[in-house]
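Numbering (numbering that gives the first Met the number 0), first residue to last: 0 to 393.
Glycine is no exception: its CB is placed at the ideal position from the N, C-alpha and C atoms.
All figures in this text were calculated on a predicted structure; none of them were measured in a lab.
What follows is one structure encoded as structure tokens, with my remarks underneath.
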Amino acid sequence: MIQSQTVIEQLAGRPLTTLSEDEQMFRASVREFAEGELRPRVTQMEEAGKLDPAVIKQCFDLGLMAIETPEEYGGAGANFFSAILAVEELSRVDASVGVLIDVQNTLVNNAVIRWGDTAQKQKYLPKLAAETVGAYALSEAGSGSDAFALQTRAVDKGDHYLLNGQKMWITNGVEAGIFVLFANLNPEAGYRGITAFIIEKGFPGFSVGKKENKLGIRASSTVELILEDCRVPKENVLGEVGKGYKISIETLNEGRIGIGAQMIGIAVGALECALAYTGERQQFGKLINQFQGVQFQLAEMATELEAARLMVYNAARMKGAGINFVKEAAMAKLYSSRVAERITSKAIELYGGYGYVKDYPVEKYWRDSKIGAIYEGTSNMQLQTIAKLLIGSK
Ligand SMILES: Cc1cc2nc3c(=O)[nH]c(=O)nc-3n(C[C@H](O)[C@H](O)[C@H](O)COP(=O)(O)OP(=O)(O)OC[C@H]3O[C@@H](n4cnc5c(N)ncnc54)[C@H](O)[C@@H]3O)c2cc1C
């Protein structure tokens, strides 16, 4: 509480978009990497449907895979807001890399930092900081919005657990070596049987299945995971047995702010393209940005982006200050994903026919934006959370 009070006092009276010196330096270094190393590879990775391993390595080398992880475990020891800035900056150039580091930081590292015991932190956090990609496996073919209906089962075998089932839609699944995975140990207890496990790729009975062929974020892998009598050591339960539902809810509450950041990054990228293009393209003997109709569209896009950014930053600052942020995070994800879709769509229109072809960057931004309304809770699920917190549940 004292710490939260200090954070609130430090932030009091400051515009939400004002960054501390550390945050400014960090954002500048992420932008330099995104422009210098990432941008030249975006098209190739998109076409290959695969992240360049050199990009992943650079993300580790720059500390982007362990932004909040304490320095004693090899992380950067920075704040949550810095992770949000990194996701935004990377997604401005490539949302697939944005989600790579988003999942690593806001879901996987976060879960191990918050719920891991000392041995788990010592074993897994340094790996996740230095070389091993992480993934977060909750969804299944039959359980998405209704996540607690998951069918993956864990059975206590005395000195180990045996896990059976299939996960679907798992981001980073091709590259990952460590998985935070949810299974039900006591189906009779319903959601109170759900337990989180740390699974290593090499555990017997674990394999990676089909890779999805997607509309957007094509370089980001999305896969099925198969558990066939997967043998998991007893010490790999994350948090308490039967408390996995709480871990999943709480990590996703934070993760949603990260998806909001991914969406504003995409919108920034598309708006920058639209501003540049409309300042070069001539029709009727004039630059098209000299037509009031075009100017007003650009002004609308910039205004909506500003509103979305303020919502995402506010939710992130609330989390950093230890204030309950659940409603604001749901609102930020809902709104920023809608704004990203609108801005990217408008950017295509402002490019005219050129916006519709792959020689220009804006159609990719639009395709990449669509996922914001789906993962880490669909837009309807965000509305449900917001409504529940407004009205109260009976
Ligand atoms: C590219 C990609 C990456 C993903 N990455 C991950 C990952 O890393 N880890 C992971 O665990 N999952 C991941 N997911 C899964 C994602 O979280 C789910 O797809 C999402 O939660 C929706 O679940 P569903 O697909 O089963 O849709 P459903 O839950 O079947 O929803 C279908 C429609 O019904 C609506 N609906 C459902 N229930 C209600 C209700 N009660 N009220 C109103 N409307 C409702 C939904 O809003 C939606 O419009 C990923 C998905 C994709 C596409």
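- Shown here, M167 sits in a strand according to DSSP, grouped into three states.
- Under DSSP, D145 forms no beta bridge with any residue.
- Set against 7 Å, the gap from the CB of V102 to the closest heavy atom of ligand 1 is smaller.
- A residue is called buried once 16 or more other Cβ atoms fall within 10 Å of its Cβ, and S247 is buried on that count.
- Around G62, the same chain offers A75 as residues with beta carbons nearer than 6 Å, after the five sequence neighbours per side are excluded.
- Runs of the beta strand (DSSP E) spanning 3 or more residues and lying entirely within the stretch 208-232 occur at 221-232, in chain order.
- With 16 or more other Cβ atoms from the protein chains shown falling within 10 Å of its own Cβ, E253 counts as buried.
- The stretch 141-157 and the stretch 90-103 do not touch, with fewer than three beta-carbon pairs separated by less than 8 Å.
- Rounded to the nearest angstrom, the Cβ distance from R316 to L127 is 25 Å, too far for a contact under 8 Å.
- By DSSP's assignment, F181 forms a beta bridge with A195.
- F205 sits in a strand when the DSSP states are folded into three classes.
- Closest in C-alpha terms to I216, from the list A11, R366, A372 and A33, comes R366.
- As for any alpha helix (DSSP H) of minimum length 4 sitting wholly inside the stretch 279-335, the runs are 291-319, ordered along the chain.
- At a Cβ-Cβ threshold of 8 Å, A195 and G133 do not count as neighbours.
- Taking C-beta atoms as the reference points, A148 and S142 count as a pair closer than 8 Å.
- Cβ neighbours of V325 within its own chain (closer than 8 Å, five residues either side excluded): N252, T384 and L388.
- Taken atom to atom, the span from the alpha-carbon of N109 to that of A331 is near 20 Å.
- In terms of Cβ geometry, I263 and S378 do not form a close pair [threshold 8 Å].
- Y353 and C272 have their C-alpha atoms some 12 Å from each other.
- DSSP places A33 in no alpha helix (DSSP H); its state is neither H nor E.
- Counting along the chain, the unbroken beta strand (DSSP E) around R152 starts and ends at R152 to D155.
- When the five nearest sequence neighbours on each side are left out, the beta carbons in the same chain lying within less than 7 Å of the beta carbon of F79 are those of E67, A315, K318 and G319, in order along the chain.
- At the C-beta level, Y160 and Y244 stay beyond 8 Å of one another.
- If you look at A136, you'll find it isn't in any alpha helix (DSSP H); it sits in the beta strand (DSSP E) that goes V132 to A136.
- In this structure, DSSP gives V236 an extended state, which the three-state scheme calls strand.
- Counting every other CB atom within 10 Å of its CB across the protein chains shown gives L214 a total below 16, marking it as exposed.
- Taking the C-beta atoms as reference points, I112 is found no nearer than 8 Å to I256.
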